[in-house]
Structure formats: structure tokens, C-alpha cells
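Everything on this sheet refers to the single structure shown next.
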Amino acid sequence: MGMRRRDLSKVFSYELECLPPYSFDLTVNKRTRFGVNWYWITPYEKYYKGVMWSGIRLHNDKPVGLKVKATGSLQKPKVLLEVFSEASFSNREEKEIVEIVDRCLGLKDDITSFYMFAEGFPYLKQSVEDLYGMRVCSFPDLFSAVILAITLQMASYGRTERMIKLLYRNYGEKIMFDDVEVTVCPSPTRIADVSEEELKSECNLGYRTTFIKACAEAIVSQKAPTIKELADMKAEEAKRVLMSLKGIGEYSAEVITPHTSFPVDVWSVKIFCQLFKIKIDRSLRAMIPIVKRCASEKFGRWQKYVYTYIINDLDKLSEKFKLDI
DNA sequence: GCGTCCAGGTCTACC
DNA sequence: GGTAGACCTGGACGC
Numbered sequence: 000m001g002m003r004r005r006d007l008s009k010v011f012s013y014e015l016e017c018l019p020p021y022s023f024d025l026t027v028n029k030r031t032r033f034g035v036n037w038y039w040i041t042p043y044e045k046y047y048k049g050v051m052w053s054g055i056r057l058h059n060d061k062p063v064g065l066k067v068k069a070t071g072s073l074q075k076p077k078v079l080l081e082v083f084s085e086a087s088f089s090n091r092e093e094k095e096i097v098e099i100v101d102r103c104l105g106l107k108d109d110i111t112s113f114y115m116f117a118e119g120f121p122y123l124k125q126s127v128e129d130l131y132g133m134r135v136c137s138f139p140d141l142f143s144a145v146i147l148a149i150t151l152q153m154a155s156y157g158r159t160e161r162m163i164k165l166l167y168r169n170y171g172e173k174i175m176f177d178d179v180e181v182t183v184c185p186s187p188t189r190i191a192d193v194s195e196e197e198l199k200s201e202c203n204l205g206y207r208t209t210f211i212k213a214c215a216e217a218i219v220s221q222k223a224p225t226i227k228e229l230a231d232m233k234a235e236e237a238k239r240v241l242m243s244l245k246g247i248g249e250y251s252a253e254v255i256t257p258h259t260s261f262p263v264d265v266w267s268v269k270i271f272c273q274l275f276k277i278k279i280d281r282s283l284r285a286m287i288p289i290v291k292r293c294a295s296e297k298f299g300r301w302q303k304y305v306y307t308y309i310i311n312d313l314d315k316l317s318e319k320f321k322l323d324i
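Quick note, the first sequence lines up with residues 0 to 324 if you use numbering that gives the first Met the number 0.
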């Protein structure tokens with residue numbers, strides 16, 4: 000395979016505005032699932048002393064290095080972004096990069112309204128206290144979202160992480176900037192060019208291989224929308240379009256969509272039934288639509304925030320609310 | 001140790 | 001318009 004490494008240099012910096020309260024640390028360094036840290040943009044990014052080095056791809060697949068840090072305080076937050084690349088950017092590209100980072104950091108989310116809403120639910124009140132300032136992160140592009148959604152299917156946390164890391168290691172790209180090395184997401188073009196046999200054996204993807212490849216091809220041939228296009232659609236429309244991709248069912252569409260959603264699976268449905276006091280009177284899989292309906296009625300536009308705050312606070316919630324996980 | 005079972009979802013093929 | 005059964009890999013469990 001022999002991954003070439005690109006050396007990038009600084010092109011521009013930008014100060015992003017964000018609505019308080021904002022915790023950069025809790026947002027980019029989510030400690031989900033009992034001490035396990037989840038990545039912000041790539042599993043190979045570096046986070047050290049409040050500074051994040053990560054990388055995205057632009058529309059033309061060109062890798063871009065990001066150095067992001069928060070200055071100021073929870074109540075007077077500022078985010079400083081430095082951008083690295085092999086070549087300079089057009090104004091439009093600069094704008095695209097800033098928009099992606101803004102969205103991935105959830106900077107413009109009206110979190111104060113969510114916190115007021117959360118007052119009405121004891122478990123949310125607790126989570127807000129525990130994770131004060133945390134935002135929901137969006138995805139930089141459709142393909143990285145698709146990779147996560149598909150590798151989450153029918154797999155333990157360990158297996159998901161292994162598949163993702165193999166995909167990034169084998170087919171992603173190494174970039175070096177600010178003396179830090181980061182591996183970015185594979186481009187859909189690269190994955191579309193790899194044979195199914197190779198992809199399957201190199202990344203242990205199992206039957207998910209076909210799904211990943213079909214999605215990569217749909218993106219390359221522009222049959223799939225961009226994240227931005229999905230965001231501009233109505234929520235139901237975005238979900239419908241996502242579900243028309245091979246390997247993307249309801250759960251994956253809800254993981255990927257930039258709109259609010261509640262991506263319950265057979266593992267998390269048990270937790271939500273306990274918190275929402277829903278009686279488990281059938282198989283866990285059959286409980287999923289019931290829990291989803293309940294979440295939609297109770298939480299409306301805050302569903303994704305509710306989901307993320309609960310899932311990221313299970314250590315404390317399970318203790319306090321005696322959850323059987 | 002070695003087989004067997006089945007999972008944190010989706011598709012296909014049947015009603 | 002709804003649902004059983006197959007599907008990769010690999011961890012859990014029975015012997």
C-alpha cells in the first residue's frame with residue numbers, strides 16, 4: 000500500500016465565534032462508553048493540552064490539516080482555527096473549511112434553550128451538570144459519516160473501532176503539519192477503486208464491505224448528496240435520500256443526518272427504556288420504534304442533544320439512576 | 001482446547 | 001407494507 004505522507008504548511012487562521020457556554024474539551028474529546036474516548040474527526044487525530052490537530056478533506060479530496068484550540072472561558076468562549084494545506088485556497092474554499100469546522104464543533108447551537116428544556120427531566124438535568132458546555136458534533140463530510148454508521152452495524156465497540164482504524168490506516172492519507180502527523184479519512188474515490196476482496200480482507204469489514212463500496216461509488220458519481228445539501232433539505236427528505244443508499248437503513252440514516260434524530264440500537268434501547276420508564280414487553284429490537292416515538296414526542300428538536308448527553312454520561316447516570324447496562 | 005451460537009443492522013425474498 | 005432468514009467476524013459459552 001505504502002501510504003505517502005504529505006507535508007502541509009499553514010495557509011490561514013481564523014477566529015470562530017461561538018455561543019456560550021462552550022466546552023471545547025468535552026466537545027472534541029467525548030468520553031463515551033465507560034472511559035472510552037471517541038474521536039472528533041479521525042481516530043488518528045492528536046489532542047494534547049486543549050489543542051486538537053486533526054484533518055478533513057475538501058470537496059476535491061485534497062487533505063487539509065486543522066489545528067484548533069479554545070481560548071477564553073466557558074462563558075466567554077473563543078475558538079482559534081489554523082488551517083494547513085499543500086496549496087493555497089480560493090475564497091470559496093476558505094469559507095467551506097470554516098463552515099465545516101463550525102458545524103463539527105456545534106458552535107452555533109442554541110444550547111441555552113436546550114438547558115432550559117432539560118430542566119424538565121431529572122436525568123437530563125444531571126447530564127447537563129456533568130457535561131456543561133458540550134456540543135453535538137456533526138460530520139465533516141458524508142463519507143466519514145457513512146464509514147462510522149456502517150461499521151457500527153452489528154458490531155461491538157471494539158470491532159467498530161478496529162474496522163475504522165484499518166480503513167483509515169490502509170486507505171486514508173497521512174498528513175504532517177505543525178510537527179504533528181495525522182491520518183485523514185479515505186477518499187470515496189480511493190475506496191471505489193479498491194476491489195471488494197481486498198477491502199474485505201484488509202479491513203475485516205465482513206458483509207459491510209459491499210455497503211461501504213456502494214456508498215463510496217454513489218458519492219463519486221454524485222448520486223449521493225453532500226452533508227450541506229442534506230442540511231438544506233427537510234429532515235424527512237434527508238432521511239429518505241440517505242436510506243436510498245445501499246447499506247443505509249433507518250439507524251444509519253439517523254447517525255448520519257445533520258438534522259435532529261434519535262439513533263437507537265439494540266444496545267442503547269435498554270438504557271432508554273429504563274430512563275424513560277418504558278416497560279420492556281417484547282424483544283429489544285421490537286422496542287426500538289416505541290422508544291423512538293417516545294423520544295420524538297418528549298424531546299422534539301432536542302432529540303439529538305438528549306441522545307448525546309445521555310450516551311456520553313452513562314458512567315454517572317448508571318450510578319445515579321441505577322441503570323442495568 | 002474445540003465446536004457452536006449469535007450479535008449494537010440491512011437487504012432480499014417472500015407473504 | 002410487513003417480516004423471517006442470511007450475512008462477516010469474533011467473543012462468549014458449553015462441553
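All residues carry an ideal CB built from backbone N, CA and C; glycine is no exception.
Computed from a predicted structure; not experimentally measured.
Apart from sequence neighbours up to five positions away, the residues of its chain that approach Glu-92 with a beta-carbon distance below 7 Å are Leu-57, ordered along the chain.
Ranked by how close their Cα comes to the Cα of Lys-107, the residues Cys-17, Gly-119, Ile-40, Tyr-206 have Cys-17 in first place.
In terms of Cα proximity to Gly-246, the closest of Ala-148, Met-162, Ser-200 is Ala-148. Your pair Ile-211 and Ile-146 checks out as a contact, with CB atoms roughly 7 Å apart and the cut at 8 Å. Counting other Cβ atoms within 10 Å of its Cβ, Thr-188 stays below 16 and is therefore classed as exposed. Taking a contact to require three or more Cβ pairs closer than 8 Å, the region 272-279 and the region 175-183 do not qualify as touching. Assignment of Arg-3 by DSSP, reduced to helix, strand and coil, places it in the coil class.
Here Lys-9 carries a strand assignment [DSSP, helix/strand/coil]. At a Cβ-Cβ threshold of 8 Å, Lys-303 and Val-135 count as neighbours. Collapsing the DSSP output to three states places Pro-262 in coil. Straight-line measurement puts the Cα of Trp-301 at about 7 Å from the Cα of Phe-113. DSSP, read as helix, strand or coil, puts Lys-164 in helix. The alpha carbon of Ala-69 has as its nearest neighbour, out of Thr-26, Ile-99, Phe-271, the alpha carbon of Thr-26. Secondary structure at Phe-142: helix, using DSSP grouped into helix, strand and coil. Of all alpha-carbon atoms in Glu-81, Ile-279, Ser-194, Val-268, the one lying nearest the alpha-carbon of Lys-291 is that of Val-268. When only Cα atoms are considered, Thr-159 and Tyr-170 end up about 16 Å apart.
Remark: C-beta atoms of Met-175 and Arg-5 approach each other more closely than 8 Å. If only uninterrupted alpha helix (DSSP H) runs of at least 4 residues are considered, those enclosed by the region 62-136 are 90-103, 110-117, 121-129.
Exposure of Ser-89 is indicated by the presence of fewer than 16 other C-beta atoms within 10 angstroms of its C-beta. Contact check for Ser-22 against Trp-39 fails: the beta carbons are separated by 8 Å or more. Of all C-beta pairs linking the region 308-318 to the region 123-135, three or more are shorter than 8 Å, placing the two stretches in contact.
In the displayed model, Val-240 falls within a helix according to three-state DSSP. The region 112-128 and the region 222-239 do not touch, with fewer than 3 CB-CB distances between them shorter than 8 Å. 8 Å or more divides the Cβ of Ser-243 from the Cβ of Glu-253. Judged by DSSP in its simplified three-state form, Leu-18 adopts coil rather than helix or strand.
By the criterion of at least three beta-carbon pairs nearer than 8 Å, the region 63-81 is in contact with the region 8-17. Note on geometry: alpha-carbon atoms of Arg-281 and Ile-287 lie some 10 Å from one another.
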